[in-house]
Amino acid sequence: MAVIIDVRNCIQLLRSCSAVAGQQLHQLLLKSGHVPSSLPPSNSLLLMYARCSPLHQHDACRLFDEMPVKNCFSYNSVITSHLNSRDHHAALNIFRSMPERNTFSWNTIITGIVSTGNLDMARSLLIEMPVKDPVACNAVLHRYVRRGRADEAFALLRTVGQCSGADASSPWNDPFVLATIVGACADWMKYDFGRQAHARMVVSKIEQDLVLSCALVNMYCKCGDLDSARYVLNGLTQVDEFSLSALIYGYASCGHLHEAIRLFDRKEEPSIAMWNSLISGCAFACCGNDAFALFARMMRSDVLPDSSTYASILNVYGFSVMVNPGQQIHGCGLKCGAVNDIIVASALIDFYSKCGLWEDACRAFRELRFHDTIVLNSMITVYSNCGQIEEARRIFDMITGKSVISWNSMVVGLSQNGHARDALGLFCEMHRLGLRLDKVAIASALSASSSICSISFGEQIFSLATVLGLQSDHVVASSLIDLYCKCGSLANGCRIFEEIDKPDEVLWNSMLIGHASNGYGHEALELLELMKTKGIKPSERTFIAVLSACCHSGLVKEGLTWFHRMQADFSVSPSAEHYACVTDLLVRAGRLEESVEFIENMPFEADAVSWTTVIGGCKAQGNEAMMRKVAKKLMEMESSHPSFALSYFHVLCCQPIPGPHVGGSAAAKDVNKWLDEIIGGYDSSIREFHGGDDQKLLISLLKILCRHYGSSVRLLGLIHRRRNIEFLSNSWLQGIAGPEMAVTKLFSSCKSSGAHKGEYGAIVHCMKNIPSENQIQATAKEVQNPLVSGRRKEALQYAQAVLCGYCEENGLPPFCIWITFEDVVPSYCWTTCRCFQC
């Protein structure tokens, strides 16, 4: 007996009931005979199942199969059910089986396919759609833009527009589609396409739409066309706050601060959004003082700064390296609790890292309660810049949803810190996982390849860049040129450079540096003249490359000429690097007196590096009188930087030894006295430098001791081996004087700082096997002879055969051998050694 129920009430209940109640109503309708024979209640049940959990998809499919009569609504409901279950293949099959399809059917399947991320299929369906509905078109275009594929979105809109023709329902006439496109033009700086969209609005007579007008103002401001932005704004009957804020930001970011303030003052009570636009515009234009004045004016008003305000002002001080004002902003943020906001915390970390205050950046990170991917990415960069690559790797490993930026930051950090093989391994892992490789990843991998002089691997990476369409990118091309030049293949570097259309200053500088590093000084100067004829203005980096080329080629006259011309003809003020290049140029030419006079006439106080360069020249020419004079100047300097420490220690070791025994010399006593001072004051003076400098300083001191007191150091190594201990204790120090005492002190400092671990520790553990002077000279002869004759490959083969064999015979880690032979064997020889590649 059939149950009598009110079908209308059941349909009404099915619109808002839960899945359990819907199943109960389904049973009642089955018993009454209304389902599946009657279309309205059956469609209502399908819609209910589509709306509820995907777990009930099989109920919807079973009901759909049992229905004797179906209409478009039935098909659309079951398609929606499949899409909600992420089964787009089944949804597409149902869609293809529809006898008739309406606009809603097309919109349902296209928007559903878009939500699954299959943009290629969604694009094909949109082109196949007989009448291009703006809903489906906007869904596909919006997802293309969000994926960063703006060019494909523009191409698709052109195709859809050509199919629609002059139809009034064309996507070109829809405000939402145009708003999406104009927003993409603003984000991706597509000025020409944005103007086409504006022209379409004028033709369609929808330019007065408030949303579109705001989007147009924003697009023109970001593209730098402030006149057009002002024209659109003046055409509005009612100026909204968003459009005015966008125009204010545009004027401020382009350096027209007075015009921006004039627009800003049109509002009697400007909102926080307008304040942020003005301050962030100053941030973009790097106007630190103006931004700080505006922030102070804001603090005097009734408007309280928000997270965007603090982030913008910190960004200004980060770019301008204005430490004190930035720390004041940090204090304001602490008082009001703004530093707990993740946006402000990220900006604070970025500010300290740009100012080189790594410890403060790490402290700000440790004080955070919550971390997001952006902050963790910033910390990877911070730890990499301060040499703590293990900590950076730990941060990288703790990120759950790693973005492309996370991977790129880690690859760059590994490459910059000398872990080229690890960087390349991580890059290969990115490629294996199918992650999107951009120009940053490609350039970093090429840089890592150049560090190990692997042309073959670098060429494979560039082939991948060609497949990705990045072969013409200037950053990628510059990295490839650098790879070829570092590996001695200057001809290939020139070939890549010639294939680039309109090379920029970075590419020209890369070529100049390549010629300089390979000893082609005259060719570098010719390249500079060609650069000038092409209309490229030389920069500071350009003249560093030119002076370096002159230095390595012995072109003293030309180098001095270009040094004087750089300020007179090109308005480039010489920096410390330029003065260091000229100093090196004069020293290499044997003009020591002139180099000292040049240093003394610098417009700023010379650093220890410049004086150390002169000391090296004095030592090479045997000019002890000049060396004593320069050493006296160096010792009078007061500095806590490790470079000064090394220079000072090197001078002490270079002093003549009056007695027959090294341990009894006055110089050795000075060395020990100075070591007591610098190691004792280590915590107070040198700890201010970023991590890793202390270990490098100690290891470098050991290297200098090895060069000057090799035999005594070997004697100390024998004591190490005979006593079978890793470090000498104080009980073994009695009776040991001179360099032995100095080395022992350094051993203890290495152990306390952790420098005895890892590759740095090789020189500490293997002092007993230091090669003799005869072995060093023999190695120098065997390596340098083929190099002078241009037989580079033969030199590399010798490095692999002889040097690796020496490592294996004496049980030495390769780092210790490199320390010993680094002055006589070029650095690129070590990258081919099998012991170095382990």
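Reminder that position 118 of the sequence shown reads as 118 in the UniProt record's numbering, one-by-one numbering, no gaps.
Backbone N, C-alpha and C fix where the C-beta goes; we use that ideal spot for every residue, glycine too.
Values in this document were obtained by computation on a predicted structure and should not be read as measured data.
*Does DSSP classify Asn173 as helix, strand or coil?*
Position 173 of the sequence shown, counted from the first residue, corresponds to residue 173. Correct three-state label for Asn173: helix.
*asked:* Contact defined as beta carbons within less than 8 Å: I believe Ala246 pairs with Asn218. What is the distance between those atoms, to the nearest angstrom?
replied: Looking up residue 246 in the sequence shown gives position 246. Looking up residue 218 in the sequence shown gives position 218. Sure, about 4 Å apart at Cβ, within 8 Å.
*Report buried or exposed for Lys534, applying the criterion of at least 16 other Cβ atoms within 10 angstroms of its Cβ.*
Here residue 534 refers to the residue found at position 534 of the sequence shown. By the 10 Å Cβ count, Lys534 comes out exposed.
*Can you tell me where the alpha helix (DSSP H) with Pro134 in it begins and where it stops?*
Taking the first residue of the sequence shown as position 1, residue 134 is located at position 134. Pro134 -> alpha helix (DSSP H) spans 134-146.
_Spatial neighbours of Ala122 in its chain, beta-carbon cut-off 6 Å, leaving aside the 5 residues before and after_ = Against the sequence shown, residue 122 aligns to sequence position 122. For Ala122, where only same-chain residues beyond five positions count, the Cβ hits under 6 Å are Ile110, Ile113, Val114, Val140.
*Measure the beta-carbon distance from Asp482 to Ser450 and round it to whole angstroms, keeping in mind my assumption that it falls under 8 Å.*
Taking the first residue of the sequence shown as 1, we reach residue 482 at position 482. Taking the first residue of the sequence shown as 1, we reach residue 450 at position 450. Indeed, because the Cβ distance is near 6 Å, the residues count as touching under 8 Å.
*Near His56, which residues of its chain fall below 7 Å by C-beta distance, leaving aside the five closest residues on each side in sequence?*
Numbered from 1 along the sequence shown, position 56 holds the residue referred to as residue 56. Ala19, Tyr49, listed in sequence order.
_The alpha helix (DSSP H) that contains Gly337, what's its start and end?_
Residue 337 sits at position 337 when you count from the first residue of the sequence shown. Element bounds for Gly337: n/a, residue is neither H nor E.
*What are the start and end residues of the alpha helix (DSSP H) that includes Ala606?*
Within the sequence shown, residue 606 is the residue found at index 606, counting from 1. Run containing Ala606: none; DSSP gives neither H nor E here.
*Label Pro36 either buried or exposed according to how many other C-beta atoms from any shown protein chain fall within 10 Å of its C-beta, with 16 as the threshold for buried.*
Residue mapping note: residue 36 aligns to position 36 of the sequence shown, counting from 1. Flag for Pro36 reads buried.
_Status (buried if at least 16 other CB within 10 Å, exposed otherwise) for Asn93_ = Residue mapping note: residue 93 aligns to position 93 of the sequence shown, counting from 1. With fewer than 16 Cβ atoms within 10 Å of its Cβ, Asn93 is classed as exposed.
*Could you tell me whether the Cβ atoms of Tyr317 and Pro305 are closer together than 7 Å?*
Counting from one through the sequence shown, the residue named residue 317 turns up at place 317. Counting from one through the sequence shown, the residue named residue 305 turns up at place 305. No; because the gap between Cβ atoms is not below 7 Å, this pair is not in contact.
*Which one of Ser170, Ser553, Ser124, Val182 has the shortest CA to CA distance from His142?*
By 1-based counting over the sequence shown, the position of residue 142 is 142. Ranking Ser170, Ser553, Ser124, Val182 by Cα distance to His142 puts Val182 first.
_Selection from Lys222, Gly224, Glu241, Ala179 that minimises the alpha carbon distance to Ala215_ = Within the sequence shown, the letter at position 215 stands for residue 215. If we check each option's Cα against that of Ala215, Ala179 comes out closest.
*Thinking C-beta only, is Gly288 closer than 7 Å to Ser253?*
Looking up residue 253 in the sequence shown gives position 253. Looking up residue 288 in the sequence shown gives position 288. Using a Cβ distance threshold of 7 Å, Ser253 and Gly288 do not count as a contacting pair.
*Shortest alpha-carbon distance to Gly469 belongs to which of Phe95, Arg436, Ser489?*
Start at 1 with the first residue of the sequence shown, and residue 469 comes out as number 469. Per the Cα distances, Arg436.
*Neighbourhood of Phe242 by C-beta distance below 7 Å, restricted to the same chain and skipping five residues each side*: Counted from its first residue, the sequence shown places residue 242 at position 242. Excluding positions up to five away in sequence, the list reads Cys214.
_What would DSSP say about Pro41, mapped onto helix, strand or coil?_
Stepping through the sequence shown from its first residue, residue 41 is reached at position 41. Helix, per DSSP.
*Cutoff 6 Å; reference Ser308; Cβ partners in own chain excluding five residues on either side*: The residue you call residue 308 lines up with position 308 of the sequence shown. The residues are Asn276.
*Whether residue 842 touches Leu446 by CB criterion (7 Å)*: A question about residue 842 goes unanswered here, because the residues of the chain that appear run from 1 up to 838.
_Inter-residue Cα distance where the pair is Phe351 and Thr108_ = Translated into positions along the sequence shown, residue 351 becomes position 351. Translated into positions along the sequence shown, residue 108 becomes position 108. About 47 Å.
*Own chain, CB closer than 8 Å to Val587, minus 5 neighbours either side, in chain order*: In the sequence shown, the residue the question calls residue 587 occupies position 587. So the list reads Ser595, Thr613, Val614, Gly616, Gly617, once near-sequence residues are dropped.
*Rounded to whole angstroms, what's the CA-CA distance from residue 919 to Cys72? Just pull it up for me.*
Outside the modelled stretch of the chain, which goes from 1 to 838, sits residue 919, for which no answer is possible.
_Whole angstroms are fine: how far does the CA of Ser312 sit from the CA of Gln460?_
Start at 1 with the first residue of the sequence shown, and residue 460 comes out as number 460. Start at 1 with the first residue of the sequence shown, and residue 312 comes out as number 312. Taking the straight line from one Cα to the other gives about 41 Å.
*Taking C-alpha atoms, which residue in Pro68, Glu66, Cys61 lies nearest to Ser85?*
Counting from one through the sequence shown, the residue named residue 85 turns up at place 85. Closest option to Ser85, Cα to Cα, is Cys61.
_Own chain partners of Leu126 with C-beta closer than 8 Å, once the 5 adjacent residues on each side are dropped_ = Start at 1 with the first residue of the sequence shown, and residue 126 comes out as number 126. Result list for Leu126: Ile110, Lys132, Ala136, Cys137, Val140, Leu156, Val160, in chain order.
*asked:* To the nearest angstrom, how far is the alpha carbon of Phe365 from that of Met430?
replied: One-based indexing of the sequence shown puts residue 365 at position 365. One-based indexing of the sequence shown puts residue 430 at position 430. Each residue's alpha carbon lies about 27 Å from the other.
*Whose C-beta lies closer than 7 Å to the C-beta of Phe176 among residues of the same chain, with five residues either side of it excluded?*
If you number the sequence shown from 1, residue 176 lands on position 176. These residues qualify, in order along the chain: Pro134, Asn138.
*When burial is assigned at 16 or more other CB atoms within 10 Å of the CB, is Gly235 buried or exposed?*
Against the sequence shown, residue 235 aligns to sequence position 235. Gly235 should be labelled exposed.
*Answer with buried or exposed for Gln388, where buried requires no fewer than 16 other C-beta atoms within 10 angstroms of its C-beta.*
As a first step, residue 388 is located in the sequence shown; it is residue number 388 there, counting from the start. Around the beta-carbon of Gln388, 16 or more other beta-carbon atoms lie within 10 Å, marking it buried.
*Just mark Ala229 as buried or exposed, buried being the case when its beta carbon has 16 or more other beta carbons within 10 Å.*
One-based indexing of the sequence shown puts residue 229 at position 229. In this structure Ala229 is buried. Its beta-carbon is surrounded by 16 or more other beta-carbon atoms within 10 angstroms.
*Whole-Å CB distance - Ala516 paired with Ala477, under 8 Å assumed*: In the sequence shown, counting from the first residue as 1, residue 516 sits at position 516. In the sequence shown, counting from the first residue as 1, residue 477 sits at position 477. A Cβ-Cβ separation of about 19 Å leaves Ala516 out of contact with Ala477 under the 8 Å criterion.
*Quick one: give me the first and last residue of the alpha helix (DSSP H) that Trp188 is part of.*
Residue numbering aside, residue 188 sits at position 188 when the sequence shown is read from its first letter. It is not in any alpha helix (DSSP H) - Trp188 carries neither H nor E in the DSSP assignment.
*Taking the alpha helix (DSSP H) that Gly559 falls in, what are its first and last residues?*
Sequence index remark: in the sequence shown, residue 559 carries index 559 (1-based). Here the alpha helix (DSSP H) through Gly559 covers 556-568.
*With a cut-off of 8 Å on the beta carbons, I'd call Cys10 and Leu25 a contact; round off their distance for me.*
Position 10 of the sequence shown, counted from the start, is the residue given in the question as residue 10. Position 25 of the sequence shown, counted from the start, is the residue given in the question as residue 25. About 5 Å; that satisfies the 8 Å criterion.
*Buried or exposed: where does Gln12 fall if 16 or more other Cβ atoms within 10 Å of its Cβ makes it buried?*
Position 12 of the sequence shown holds residue 12. Classification of Gln12: exposed, given that the 10 Å Cβ count is below 16.
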